[in-house]
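Residue numbers (the working numbering): 50 to 365. Cβ coordinates follow ideal geometry from the N, Cα and C atoms, glycine included. These numbers were taken from a predicted model, which means no experiment stands behind them.
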Amino acid sequence: MYREAGKTRFQLDLRRHLRSQSICDNLIHLICEIAEASKYVINAVRTGDLGVAGTSNLYGEEQLALDVLSDRILRKRLIHSGVVCNIASEEMDVVYQAQAEGPGLYSVAYDPLDGSSLVDVNLSIGTIISIYKGCDIFQEGRKQVAALYILYGPRVSMVYSVGNGVHEFTMNSLMEYTLSRENIFMEPAGDIHAPGGLRKKYTRGTENFVSYLEGKGSKLRYSGGFVPDINQVLMKGKGIFLYPALKDAPKGKLRLLFELNPMAFLIEHAGGSASNGKIPILDVKPECLDHREPVYIGCSEDVQKAVEFLALEADT
Numbered sequence: 050m051y052r053e054a055g056k057t058r059f060q061l062d063l064r065r066h067l068r069s070q071s072i073c074d075n076l077i078h079l080i081c082e083i084a085e086a087s088k089y090v091i092n093a094v095r096t097g098d099l100g101v102a103g104t105s106n107l108y109g110e111e112q113l114a115l116d117v118l119s120d121r122i123l124r125k126r127l128i129h130s131g132v133v134c135n136i137a138s139e140e141m142d143v144v145y146q147a148q149a150e151g152p153g154l155y156s157v158a159y160d161p162l163d164g165s166s167l168v169d170v171n172l173s174i175g176t177i178i179s180i181y182k183g184c185d186i187f188q189e190g191r192k193q194v195a196a197l198y199i200l201y202g203p204r205v206s207m208v209y210s211v212g213n214g215v216h217e218f219t220m221n222s223l224m225e226y227t228l229s230r231e232n233i234f235m236e237p238a239g240d241i242h243a244p245g246g247l248r249k250k251y252t253r254g255t256e257n258f259v260s261y262l263e264g265k266g267s268k269l270r271y272s273g274g275f276v277p278d279i280n281q282v283l284m285k286g287k288g289i290f291l292y293p294a295l296k297d298a299p300k301g302k303l304r305l306l307f308e309l310n311p312m313a314f315l316i317e318h319a320g321g322s323a324s325n326g327k328i329p330i331l332d333v334k335p336e337c338l339d340h341r342e343p344v345y346i347g348c349s350e351d352v353q354k355a356v357e358f359l360a361l362e363a364d365t
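Laid out in structure tokens, this is it:
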């Protein structure tokens with residue numbers, strides 16, 4: 050097989066690529082089931098109801114019909130995979146037990162349709178998946194055995210890692226995922242930044258960090274969607290995304306289990322870093338389904354600079 054500089058000269062399908070990763074058959078089967086479910090999710094996005102579902106999730110957020118449908122599609126596929134014991138979804142208020150604990154099973158945490166409020170203005174959105182061995186969903190992110198996201202944009206792409214590089218697959222006209230980039234790697238520092246949250250609510254350390262980025266010529270590139278913004282940083286191999294602690298929200302906005310852990314796993318395995326401003330995201334022990342953390346994620350030197358600015362704030 051001939052590969053060069055993150056590209057491939059032939060179409061390698063997802064299952065064959067997974068088999069080259071020296072992982073067990075159950076994990077291969079699980080990731081392929083998730084990929085299959087994404088085909089139904091993208092169909093729902095393209096043709097489904099854009100209205101509200103008339104319900105709220107455990108965070109009190111109004112659920113859109115697409116959120117509920119996407120969650121149902123993924124959960125049903127995970128249950129019928131036969132290799133999943135526990136399921137946690139951003140749209141459910143409890144952990145769902147698919148089957149009793151047993152050997153060779155996995156726990157899955159996911160955000161079925163991150164950024165769904167952007168659908169009605171036709172911006173990119175995505176699905177985020179975190180996979181752990183065994184039936185304990187509340188493990189540190191560093192214990193993930195796989196993480197992936199699926200971006201529903203002008204092209205549908207899937208980015209995954211099982212701890213052996215980060216790889217991108219693109220859905221073709223037959224709705225099959227084929228390899229488009231292999232062993233994606235990030236530069237130490239970048240020249241783009243995607244800052245979430247209202248800037249007037251930033252703490253002094255974050256404000257000084259963003260001013261530092263602007264001072265060195267970093268361009269602002271923020272879409273309002275976590276998946277497309279992380280995808281931009283990762284695919285360009287440079288830059289940083291941040292959703293910091295705010296004056297009225299010291300834990301930030303993004304959830305550790307459903308959003309931060311899987312993205313931090315992918316970024317770290319591409320040579321980048323992810324921190325809550327004090328410690329790596331992947332070292333934070335989840336306390337509950339709603340556990341949130343501030344995040345600075347992207348090029349390692351940029352993330353380290355953010356940590357330094359926040360430390361200076363703490364010292365003053």
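Do residue j and residue i count as a contact pair if the criterion is CB distance below 7 Å?
i: Q193; j: Y181; result: yes
i: N325; j: E342; result: yes
i: C337; j: M235; result: no
i: A158; j: S130; result: no
Within 10 Å of its beta-carbon, does residue i have 16 or more other beta-carbons around it, so buried, or fewer, so exposed?
i: S69; result: exposed
i: L295; result: buried
i: G153; result: exposed
i: P203; result: exposed
i: S222; result: exposed
i: N280; result: buried
i: L269; result: exposed
i: M224; result: exposed
i: T176; result: buried
i: G301; result: buried
i: H139; result: The sequence as given places Glu at residue 139; His does not occur at that position. Burial call: buried.
May I ask whether a heavy atom of the ligand GTP can be found less than 6 Å away from the beta carbon of residue i?
i: G273; result: In terms of ligand content, the structure shown is empty, and the ligand GTP therefore cannot be addressed.
Report the CB separation of residue i from residue j in whole angstroms; it is logged as a contact under 8 Å.
i: I199; j: E217; result: 11 Å between Cβ atoms; not a contact.
i: S272; j: L172; result: 6 Å
i: K287; j: I346; result: Going by Cβ atoms, the distance from K287 to I346 rounds to 13 Å, so no, they are not a contact pair.
i: V132; j: H78; result: 6 Å
i: E350; j: P237; result: 5 Å
i: A313; j: L291; result: Contact flag wrong, Cβ pair sits at about 13 Å.
i: V32; j: I174; result: Shown here, the chain extends from 50 to 365; a query on residue 32 therefore has no answer.
i: P329; j: L306; result: Not really, about 16 Å apart at Cβ, beyond 8 Å.
Using the Cα positions of residue i and residue j, report the straight-line distance between them to the nearest angstrom.
i: I128; j: S87; result: 15 Å
i: L61; j: L359; result: 44 Å
i: A137; j: S322; result: 25 Å
i: Y251; j: P293; result: 7 Å
i: E189; j: R64; result: 27 Å
i: G266; j: R126; result: 45 Å
i: V356; j: E256; result: 13 Å
i: K285; j: S206; result: 15 Å
i: A84; j: Y226; result: 8 Å
i: T219; j: E231; result: 12 Å
i: C229; j: S165; result: Looking at the sequence itself, residue 229 is Ser, so the reference to Cys does not match. If I take the Cα positions, the gap works out to 26 Å.
i: H167; j: L76; result: Note that residue 167 is Leu in the sequence shown, not His. In a straight line, the C-alpha of L167 is about 32 Å away from that of L76.
i: L31; j: I91; result: Here the chain has residues from 50 to 365 only, and residue 31 is not among them.
i: V19; j: V94; result: Absent from the model: residue 19. The displayed extent of the chain is 50 to 365, so no value can be given.
i: D372; j: G264; result: For the chain, the structure presents residues 50 to 365; residue 372 sits outside this window and is missing.
Would you say residue i reaches chain D, if we count a Cβ-Cβ gap shorter than 7 Å as a contact?
i: V194; result: Here there is only one protein chain, and chain D is not present.
Tell me whether residue i sits in a helix, a strand or coil according to DSSP, three-state version.
i: L172; result: coil
i: V24; result: Missing from the structure shown is residue 24; the chain here goes from 50 to 365 and no further.
i: D411; result: Because the chain in this structure spans residues 50 to 365, residue 411 falls outside the shown range and cannot be described.
i: L162; result: strand
i: E53; result: The pLDDT assigned to E53 is 42, lower than 50, so where the model puts this residue is not dependable; a value taken from the coordinates is nonetheless given after this. Here E53 sits in strand by DSSP.
i: K296; result: coil
i: E350; result: helix
i: S105; result: For S105, the pLDDT reaches just 47, beneath the cut-off of 50, and the residue's location in the model is therefore unreliable, leaving the point undetermined.
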